[in-house]
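Below is one structure, written out as structure tokens; comments come after it.
There are 2 protein chains.
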Amino acid sequence: MLAPAELTRAFRARGLKVTPQRQLLFTLLHDNETHPTVEALFATASKLMPGISLRTVYQTLNDLAAMGELQVLQSAGGSTRFDPNMAEHHHAQCDRCGELHDVYVDDIDRLQVRNLDGFQAERARIVFGGLCAACQSKSNKKKTTENTTLKDRR
Amino acid sequence: MLAPAELTRAFRARGLKVTPQRQLLFTLLHDNETHPTVEALFATASKLMPGISLRTVYQTLNDLAAMGELQVLQSAGGSTRFDPNMAEHHHAQCDRCGELHDVYVDDIDRLQVRNLDGFQAERARIVFGGLCAACQSKSNKKKTTENTTLKDRR
DNA sequence: GATCTAATCTGCAACGGTTGCAGATTAGGG
DNA sequence: CCCTAATCTGCAACCGTTGCAGATTAGATC
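Order-wise, the sequence lines are chains A and B. Numbering-wise, the working numbering comes out as the position in the first sequence, counting from 1, plus 4. Numbering-wise, the working numbering comes out as the position in the second sequence, counting from 1, plus 4.
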């Protein structure tokens with residue numbers, strides 16, 4: 005997602021207005037790696053700007069998504085999550101706590117895909133499942149290192 | 005998903021009863037590659053067994069999912085889809101028509117994942133985005149071949 | 001900075017998918 | 001064949017999200 009100042013320009017360039025509500029959401033989303041739900045953003049925003057409407061949060065998030073400034077994540081169990089990180093990346097979701105974490109995968113292009121059946125694949129979204137570091141330590145398991153393959157873990 | 009006869013055993017083994025409604029759903033799901041929604045299954049089931057309740061379809065699908073006989077897919081835009089294919093596989097979803105297609109990827113283990121930050125990855129779910137064969141031909145594009153990499157397509 | 005209009009905000013109602021509930025029915029072990 | 005727990009059905013409730021309408025406001029124009 006662009007920085008707040010640039011978003012302001014981008015909104016005006018599209019004929020959209022930049023309201024205090026939107027500016028607040030811009031800053032709340034900027035560099036936000038928590039993959040917030042609408043409710044979570046609404047809760048935070050409400051503290052800083054009491055009276056802001058849930059409807060407005062939805063509206064602004066939809067606008068940002070339509071402009072390609074946010075990724076929309078449909079994780080299991082109800083509500084949509086939003087990801088302002090638009091760099092090519094993927095996610096690791098903890099089986100226990102549900103936490104979503106950004107990860108980076110370099111060699112996706114090399115995957116051999118069978119049964120495409122004429123499908124022209126242009127993008128890939130990967131969600132890894134397993135246990136996050138915090139939930140592992142709660143279960144007294146050994147720690148892992150970074151930059152490993154799935155295979156290493158078996 | 006197991007075959008209907010085996011599901012019958014598995015249900016009874018768990019103290020669950022095998023009703024005509026459930027048997028019907030077992031057969032409707034068996035080898036079903038359409039990734040049906042609850043509504044779609046309900047529509048088909050209703051033709052064969054008028055009066056079957058939508059609630060029963062939900063119930064049975066939830067049971068099957070809890071038993072690990074179905075994968076639950078949260079694709080964008082509303083309703084959940086169910087996939088009785090429990091072999092390790094992934095999906096290709098068409099940007100235009102939304103169609104979901106099973107694909108197989110062999111070398112996931114070799115992916116280099118950065119920023120795992122202690123996350124212990126045990127599974128990966130990949131959804132490829134792009135255009136399905138049907139939607140490509142509607143846009144007069146050239147055809148693709150099978151068994152290719154993302155890279156080949158660029 | 002005053003004016004004007006389209007975009008926006010808020011609150012509420014509506015909507016679609018899903019689940020809880022309760023009373024009637026039924027699978028299936030004894 | 002009986003009995004009881006599991007299931008079925010229909011309906012109401014629930015939750016996340018969107019449509020609507022009237023009041024408000026950003027920001028272009030003068």
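The beta-carbon is built from N, C-alpha and C at its ideal position, and this holds for glycine as well.
So, at 6 angstroms on beta carbons, what are the nonlocal neighbours of B/HIS94 in its own chain, with the 5 sequence-adjacent residues on each side left out?
Indexing the second sequence from 1 puts residue 94 of chain B at position 90. Once the five neighbours on either side are set aside, the close Cβ partners of B/HIS94 are VAL107, VAL109 and ILE130.
Hey, does A/VAL61 have any beta-carbon neighbour from chain B nearer than 8 angstroms?
Within the first sequence, residue 61 of chain A is the residue found at index 57, counting from 1. Closer than 8 angstroms: no.
Host alpha helix (DSSP H) of A/ASP67 (start-end)
Locating residue 67 of chain A in the first sequence gives position 63, counting from the first residue. Segment 58 to 70, the alpha helix (DSSP H) holding A/ASP67.
With a 10 Å radius around its C-beta and 16 neighbouring C-beta atoms as the bar for buried, classify A/ARG13 as buried or exposed.
The residue you call residue 13 of chain A lines up with position 9 of the first sequence. Classification of A/ARG13: exposed, given that the 10 Å Cβ count is below 16.
When you compare only the Cα positions, how much space is there between A/LEU33 and A/VAL76?
The residue given as residue 33 of chain A occupies position 29 in the first sequence. The residue given as residue 76 of chain A occupies position 72 in the first sequence. Each residue's Cα considered, the two are about 13 angstroms apart.
Please decide whether A/SER169 counts as near chain B, where near means a Cβ-Cβ distance under 8 angstroms.
There is no way to answer for residue 169 of chain A, as the model of chain A reaches only from 5 to 158.
Give a yes or no on whether 8 angstroms exceeds the smallest Cβ distance from A/ARG157 to chain B.
Indexing the first sequence from 1 puts residue 157 of chain A at position 153. Bear in mind that a pLDDT of 47 at A/ARG157, under 50, signals an unreliable position, so the number given afterwards is only what the model happens to contain. Judged by the 8 angstroms Cβ criterion, A/ARG157 is in contact with chain B.
Check each candidate in B/GLU92, B/HIS105, B/ALA91 and B/ARG18 and name the one with the smallest Cα separation from B/ARG85.
Here residue 85 of chain B corresponds to residue number 81 of the second sequence, with the count starting at 1. Considering only alpha carbons, the answer is B/HIS105.
Count the other CB atoms within 10 Å of the CB of A/LEU11; is the residue buried (16 or more) or exposed (fewer)?
Sequence index remark: in the first sequence, residue 11 of chain A carries index 7 (1-based). Result: buried.
Determine the burial state of A/ARG26: buried for a count of at least 16 other Cβ atoms within 10 Å of its Cβ, exposed for fewer.
Within the first sequence, the letter at position 22 stands for residue 26 of chain A. Buried: at least 16 other Cβ atoms inside 10 Å.
Can you list, in chain order, the residues of its chain with a C-beta nearer than 8 angstroms to that of A/LEU65? Leave out the 5 residues immediately preceding and following it.
Position 61 of the first sequence, counting from 1, holds the residue named residue 65 of chain A. For A/LEU65, where only same-chain residues beyond five positions count, the Cβ hits under 8 angstroms are LEU29, VAL42, LEU45, LEU74 and PHE86.
Reducing DSSP to helix, strand and coil, say where A/CYS136 ends up.
Mapped onto the first sequence, residue 136 of chain A falls at position 132. Reduced to three states, the DSSP call for A/CYS136 is coil.
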